[in-house]
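Let me begin by presenting the structure, written as structure tokens, before commenting on it.
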Amino acid sequence: MRESSTDLFVELPADSNITDLLLGLTERSPDLPLYARQSEAGWEDITAAGFLETVSAAAKGLIRQGIRPGDCVAVMSSTRYEWTVVDLAIWFAGAVTVPIYETSSASQVQWILEDSAAKLVFAEDDAKAGVIAAGAGAAGLDVPLWHLTDVDGGTDLRALAASGSTVSDAELEAARSVRGLQDTASLVYTSGTTGRPKGCEITHGNFAVFGVNVIELLPEMLKAPGARTLMFLPLAHVLARAVQVGCLAAGVQLGHSASASALVGDMKTFQPTFLLAVPRIFEKIYTGAQESAEAAGKGRLFASAAATAVAFSEAVDRAGRGGKGPSLPLRLRHRIFDALLYPKVRNVFGGQLSIAISGASPLSPQLCHFFRGAGIAVQEGYGLTETTAPASVNTVPLTRVGTVGLPMPGNAVRIAADGEVLVKGVGVFTGYHRNPAANAEAFTDGWFHTGDVGTLDDDGFLTITGRKKDLLVTAGGKNVAPGPLEEKIREHRLVSQVVVVGEGRPFVGALVTLDEEALAVWAREQGHSLQDVAAGDHPVVLAQVQEAVDAANATVSRAEQIRRFTVLPRDFSLEAGHVTPTLKLRRQAVMADFSAEVDKLYIK
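See the structure below:
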């Protein structure tokens, strides 16, 4: 078995917890602008001391409401400053945070409240309060509910803080300090790509040890003067909260953006120096830049600039492996475009961004090279809820495009005999909540079975090739990994999502959805009516998708190639249950809803 590991840079006292990071930072730098909150006047700085005061008051309110160390408190909200306040307040009260995705249904809420035995719930607004009430009612639960935002009736954060005015500092400190690194800080339910969500017990050590070590691992990102980031991923996702703890440990200012749709506008005003994102964000920004150039009659110039960026980054990659770096003509072309076009790409991110971390699903190597060549180092990482998100990551000095990097400090990665990726170390959760059967299946001698398939190169860089359960076996017995094919097809500007099919079938096929925004722009450019091409069965659209399929087929053997595809009339959506809140495909849901379309691929 191949194995790769990275030593810890920093260790923490066993009796410490996440809250010590805020206390230590406030003691050192009380006036440091730690968070930024959107207001009518723009972004408003919140100092470390001001944040600690708000958190302490809310924590006292929780204690006054009967929350005790070890109790579970649920939160259902979009990404916003108040989410962060109650997260820290829950930890100051010695309790356990249970995030609920804002898109969750009443039945999902019911399960999470039942399984976690939550003693109190925070809802962002009346709509989410209604979902919580429906879920709790179905379970026969009477769970106190408080609002994150201002409401009538005295159930918001101000009222919560006021209710705790009689709780002493000594009582707060006793609750805060009773928890150690080994204690559960959060019960994070998997987003449920398959089956019922399982509660992952994430400890204070999982979060805090990651937080202090990621500073040393990514100093270019977290130690840079004026470092600041904008968080738009759901705070219900463990990766978002792990990075948030890292920013707290580093004293990096963090702002919140409510959604991916608001991100571009917020980046222009907030001007982050680094960003945590998912591949779809980079795909949309690239497509937008391409379309803007073509609309201005500069399509060829953009194509040349993109090719130069990719070639430059690829040469840098080769140099990092002992090969030849960028040639003089390539350096000159790159310098010209760096003055003319690449700043426009960087300005989409606010103009100050130099580093981005991409996670949740695979990012096209072509896009990774493009953005790095354009001046934004996109570092791809890998992890799961069970590994407190990042199990491995590329860094600025140690990057291999196409891989997900080296193990995080304190973690080890091993490739089992069947190709499965196993992880062990400080980032791995303690187990699934009240689920001994799942725990027995998930661990072997302390190694967590990720369910992903991958390889390790000679230098220890991990490459993920697919999900073990997603591997297709055709009727001819050929094993096919759908991930790389789907990733390649998604590079096409008109393609939104792809699902490769073929389990037990005579050949490999694909379901393809179109990007509505890109299709509208492309239709205008080509002189076609959007109404004519929107259905996806127009010959010119099919020809474009065929080009993308041909490019993907060129990367695999003949037996693995996609022989037929169909363009679906609508895109996969979160509302329909086809993707998770972090935009991962729910293959089982897609296959169930589009089984007829799959069958038609194999009708002669």
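Under our numbering, the residues of the sequence shown are numbered 3 to 606, in order. Even for Gly, the Cβ is constructed at its ideal location relative to N, Cα and C.
Open item on the list: Which residues does DSSP list as the beta-bridge partners of residue 232?
Closed with: 257 and 277
Task: Residue environment, residue 329, which counts as buried when at least 16 other CB atoms sit within 10 Å - done: exposed
Open item on the list: Within 8 Å, do at least three Cβ pairs link the segment 24-32 to the segment 128-140?
Closed with: no
TODO: Label residue 32 either buried or exposed according to how many other C-beta atoms from any shown protein chain fall within 10 Å of its C-beta, with 16 as the threshold for buried.
DONE: exposed
TODO: Starting from residue 133, trace the alpha helix (DSSP H) both ways and give me its first and last residue.
DONE: 128-141
Open item on the list: Are the CB atoms of residue 65 and residue 177 within a distance shorter than 9 Å?
Closed with: yes
TODO: Name the two residues that bound the continuous alpha helix (DSSP H) containing residue 62.
DONE: 50-66
Open item on the list: Under 8 Å: do the segment 308-322 and the segment 389-397 share three or more Cβ pairs, one atom per stretch?
Closed with: no
Task: residue 13 (DSSP reduced to helix, strand or coil) - done: coil
Task: First and last residue of the uninterrupted beta strand (DSSP E) at residue 427 - done: 422-427
Open item on the list: Please tell me whether residue 475 and residue 488 are closer than 9 Å, where the distance is taken between their beta carbons.
Closed with: no
Task: CA-to-CA distance, residue 162 to residue 68, given in whole angstroms - done: 12 Å
- [ ] Closer than 6 Å by C-beta to residue 365: which residues in its own chain qualify, once you throw out the five before and the five after it? Chain order, please.
- [x] 281 and 382
Open item on the list: With three or more beta-carbon pairs closer than 8 Å as the criterion, would you say the segment 51-60 touches the segment 107-117?
Closed with: no
Open item on the list: What does the alpha-carbon distance come out to for the pair residue 290 and residue 520?
Closed with: 8 Å
Task: Assigned exposure category for residue 578 - 16 Cβ within 10 Å defines buried - done: exposed
Task: Residue nearest to residue 63 in terms of C-alpha spacing, selected from 118, 167, 81 and 40 - done: 167
Open item on the list: Does residue 508 pass the burial test, meaning 16 or more other C-beta atoms within 10 Å, or should it be called exposed?
Closed with: exposed
Open item on the list: My output table needs one value for residue 548: the three-state DSSP class, helix, strand or coil.
Closed with: helix
- [ ] Quick one: give me the first and last residue of the alpha helix (DSSP H) that residue 595 is part of.
- [x] 589-595
Task: Sheet register partners of residue 186 (DSSP bridge) - done: 205
TODO: With distances taken Cα to Cα, identify the nearest neighbour of residue 260 among 334, 242 and 276.
DONE: 242
Open item on the list: Spatial neighbours of residue 546 within its chain, please: C-beta separation below 6 Å, excluding the five flanking residues on both sides.
Closed with: 496
- [ ] Could you tell me which residues DSSP puts in a beta bridge with residue 481?
- [x] 475
- [ ] Would you tell me roughly how many angstroms separate the C-alpha atoms of residue 86 and residue 322, rounded to the nearest one?
- [x] 39 Å
Open item on the list: Could you check whether residue 188 and residue 125 sit closer than 9 Å to each other, using their CB atoms as the reference points?
Closed with: no
Open item on the list: Does the structure place the segment 144-155 close enough to the segment 32-43 that three or more beta carbon pairs sit under 8 Å?
Closed with: no
- [ ] Tell me, to the nearest whole angstrom, how far the beta carbon of residue 230 is from that of residue 275; I am working on the premise that it is less than 8 Å.
- [x] 6 Å
- [ ] Kindly indicate the opening and closing residues of the alpha helix (DSSP H) around residue 369.
- [x] 367-375
Open item on the list: In this structure, how does DSSP classify residue 338 when only helix, strand and coil are distinguished?
Closed with: helix
Open item on the list: Using a Cβ-Cβ cutoff of less than 7 Å, which residues in the same chain neighbour residue 596 once the five nearest sequence positions on both sides are dropped?
Closed with: 513 and 570
- [ ] Give the straight-line distance between the Cα atoms of residue 303 and residue 183, rounded to the nearest whole angstrom.
- [x] 54 Å
Open item on the list: So for residue 171, helix, strand or coil by DSSP?
Closed with: helix
Open item on the list: If I follow the unbroken beta strand (DSSP E) through residue 5, where does it start and stop?
Closed with: 4-7
Task: Own chain partners of residue 308 with C-beta closer than 7 Å, once the 5 adjacent residues on each side are dropped - done: 372
Task: residue 555 - DSSP class collapsed to helix/strand/coil - done: helix
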